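Residue numbers (this note's numbering), protein chains in the order written: chain F, 1 to 189; chain P, 1 to 189; chain B, 1 to 189; chain W, 1 to 189.
Beta carbons: idealized from backbone N, C-alpha and C, even for Gly.
Model, not experiment: these values are computed from the prediction.
This report refers to the structure that appears directly beneath it.
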DNA sequence: GCTTAAGCGAGACGGTACGTCTGGTCTTACT
DNA sequence: AGTAAGACCAGACGTACCGTCTCGCTTAAGC
């Protein structure tokens, strides 16, 4: 009967939500750099231990906050035409990366992963962008015969947009995204 | 008489080099995350003021350390065949990102740029990857008529590799790189 | 219906004893400073609420643990000769202060009383040393006519030993104790 | 030539004094128990590191703050009559223990020494009360032949007063002190 | 060859976030 | 109703690094 009855006071769902909302708020208000565990706890009206008890690092917090929003933000309606389907996804991706809190969190995570191997593993495991991207690729695979099955295909789709945004260049405009989708469709025909 | 003769003791070139070498060493030894200004100064045998006097932030240091090595690491021999030319560049890029100190510095910079706007501007201005990438694109433009002139083309070339590496996926193998080059060549024909 | 039948589950005597024993153990093992309410509860296999319910502060716990042992440790056999009677008591006092757990608890209490007025009142009220001391003074008052009745007499008897031990000096040896007893006997003759 | 030129920025005397004054202030305002390193640093307008750099523990701070004031507070004028000399010292001692900040600090230190061996060593080494006490004993040794040379004599003089005050009893009045001095003079005649 | 202004090393300074610890309270299910 | 377990808020702990400052020394250019 191991694990049957959890003893002691149960975890407070209110505290959990308060923390995640505080993370969202602070990402908007002060940005990732100035977001501290202390600040999160205070904004959430929660003890510091409570944060550390459930999320060992700031990165774990971000992954949870980000993973909750990401699928919703990258959901695109189904489209029969593969080029339009890809364009729709790329447009959503660009908006996500440049305009949303979750996008900022995602970019921050990807950044943190470059100097903290622990976060690196976490991000690699979550494969945040990969899920939605592979879903779109699966859809267009019906009409485009040459879409590869490997992880590189998703990178080929998203990579240019991600790199451009993260490099600080102006986000790609609709024309560029349409052209990118067209080239991929042509290459994968 | 502004800007006339600089009075006082001139800047010590020895100190400047010692600092840059210390940065390289520490990037390898402890990684970006654990690299502190204090640590750099101590490793270089230099006062902390001396570091701050010449490089206002850690990012400035990295940009200088990175920009020195990057063109050398991404230099590829000229190739008449455009597909082979692109493949060569992509191979060098993957090796740079995954295997070299300068590559680690570049990734760290790109990461830091996501949560520090100051660094963002710095990185956007340096356009580190853009230079070598545009040079290669200029070369293949001779044989491939459809290579666009915009910044997006460079992102289309590099983005997939960069995203894959930064996401913590295993680096793309030679086959994937060759296929990517082939698809670009086909789309840009 | 006040004071009628106590409702609900009666207080667990087992828990009470477990806590007091845990206090004794921890005083020996880790000392007063590192003794925490949490640690006591865990060592006793008891919930923290149970401790707080019966002893509002660490000091109350110590007073109870100390008051139980003190009279026993300071009990000395009756002696017709007043000087020998006093010497016997002083020897027991020195042994109590330097060698026993209850002595450590007493010293810790006296210490805590210096920075916590609440504990101060508690200790002043318990008058731990005063009881046994006054008993011995009453005995010698039969043969020594000049023993005062005030509280200062007990302090005159015990104070030097207590101060020496609490100051961290080596405990007074038998010779010193005998001489002290002799001087008191002479002065109180 | 070791230790000749101290390198780096010299220690700030202003900061040192500010910290010691803050300790004095806080002892009065909030008492020892509620006096925290954080509070001291803030009250002194000083960084936390600066406190820890020079005084590893709260006890070291108190010893320094106490040792500075103690000799001044326990200084008594010379008196030809040994009984009056002792009475004068005892009066100063009672006033010091019950009425002065330094006295509160001394009692707090003695208390802390009971649960922290580190502090115990510190206090034993400083021998705060011992110095003034031995000085007075040396004076009366001219007229009283039987004053012992050992540490116990000082304890015999001070101990009763210290014990009484620390136990929370009302401080001994002038009559009691005079009687104590008389008894000692008689015993040491 | 003396002056002088700036660079240099060392390291203390006021701040502040870190992650851990304990205090005291509360909320469960069990007895 | 009392109990064991343990989560809760609060806040002090001692450490680390930040970027600035203040020393005494060194180094050249310019008088």
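Chain B within 9 Å of residue i, Cβ atoms only
i	result
residue 54 (chain W)	no
residue 96 (chain W)	no
residue 242 (chain W)	Beyond the ends of chain W as shown, which are 1 and 189, falls residue 242 (chain W); an answer cannot be given.
residue 25 (chain W)	no
residue 90 (chain W)	no
residue 130 (chain W)	yes
residue 127 (chain W)	yes
residue 120 (chain W)	yes
Cα-Cα separation between residue i and residue j, rounded to whole angstroms
i	j	result
residue 106 (chain P)	residue 160 (chain F)	17 Å
residue 63 (chain F)	residue 126 (chain F)	8 Å
residue 137 (chain F)	residue 48 (chain B)	57 Å
residue 2 (chain P)	residue 8 (chain P)	Reliability of the predicted coordinates at residue 2 (chain P) is poor, the pLDDT of 40 falling under 50, and no value is obtained from them.
residue 156 (chain P)	residue 109 (chain P)	20 Å
residue 151 (chain F)	residue 55 (chain W)	58 Å
residue 142 (chain P)	residue 38 (chain F)	57 Å
residue 71 (chain P)	residue 100 (chain P)	13 Å
residue 35 (chain B)	residue 53 (chain F)	24 Å
residue 167 (chain B)	residue 158 (chain W)	12 Å
residue 92 (chain F)	residue 162 (chain F)	12 Å
residue 178 (chain F)	residue 14 (chain P)	52 Å
residue 40 (chain P)	residue 26 (chain P)	7 Å
residue 102 (chain P)	residue 139 (chain P)	25 Å
residue 86 (chain W)	residue 76 (chain W)	10 Å
residue 171 (chain P)	residue 94 (chain P)	7 Å
residue 24 (chain B)	residue 32 (chain W)	26 Å
residue 4 (chain B)	residue 11 (chain F)	Because residue 4 (chain B) carries a pLDDT of 48, less than 50, the predicted location of this residue cannot be relied on, and the following value inherits that uncertainty. Rounded to the nearest angstrom, the two C-alpha atoms are 40 Å apart.
Residue-chain proximity (residue i, chain W), Cβ-Cβ < 9 Å
i	result
residue 155 (chain B)	yes
residue 3 (chain B)	Residue placement at residue 3 (chain B) cannot be trusted, given a pLDDT of 42 that sits under 50; the coordinates are not used to answer.
Chain P contact for residue i (CB, 9 Å cutoff)
i	result
residue 112 (chain F)	yes
residue 107 (chain F)	yes
residue 187 (chain F)	yes
Three-way DSSP call (helix, strand, coil) for residue i in this model
i	result
residue 7 (chain F)	coil
residue 88 (chain B)	helix
residue 148 (chain P)	coil
residue 141 (chain P)	coil
residue 116 (chain W)	coil
residue 173 (chain P)	coil
residue 129 (chain B)	coil
residue 36 (chain F)	coil
residue 30 (chain W)	coil
residue 195 (chain W)	Absent from the structure is residue 195 (chain W), since the part of chain W shown begins at 1 and ends at 189.
residue 189 (chain B)	coil
residue 111 (chain B)	helix
residue 168 (chain F)	coil
Neighbour flag for residue i against chain F, beta carbons, 9 Å
i	result
residue 190 (chain P)	A query on residue 190 (chain P) cannot be resolved here, the shown segment of chain P reaching from 1 to 189 and no further.
residue 102 (chain P)	no
For the stretch 159-173 of chain P, list every residue whose C-beta sits within 8 Å of some C-beta in chain F, in sequence order. 159, 160, 161, 162, 163, 164, 166, 167, 168, 169 and 172
Residues, ordered as in the chain, of the stretch 55-83 of chain P that lie near chain F by beta-carbon distance below 8 Å: none
Any C-beta of chain F within less than 7 Å: which residues of the stretch 27-53 of chain P qualify? 31, 32 and 33
Contact residues within the stretch 142-153 of chain P, judged by C-beta distance below 8 Å to chain F: 148, 150, 151 and 152
What are the complete alpha helix (DSSP H) segments, minimum 4 residues, inside the stretch 41-83 of chain B? 48-54 and 58-73
Pull out every residue of the stretch 173-184 of chain B whose Cβ sits closer than 7 Å to any Cβ of chain W, in chain order. 176, 180 and 183
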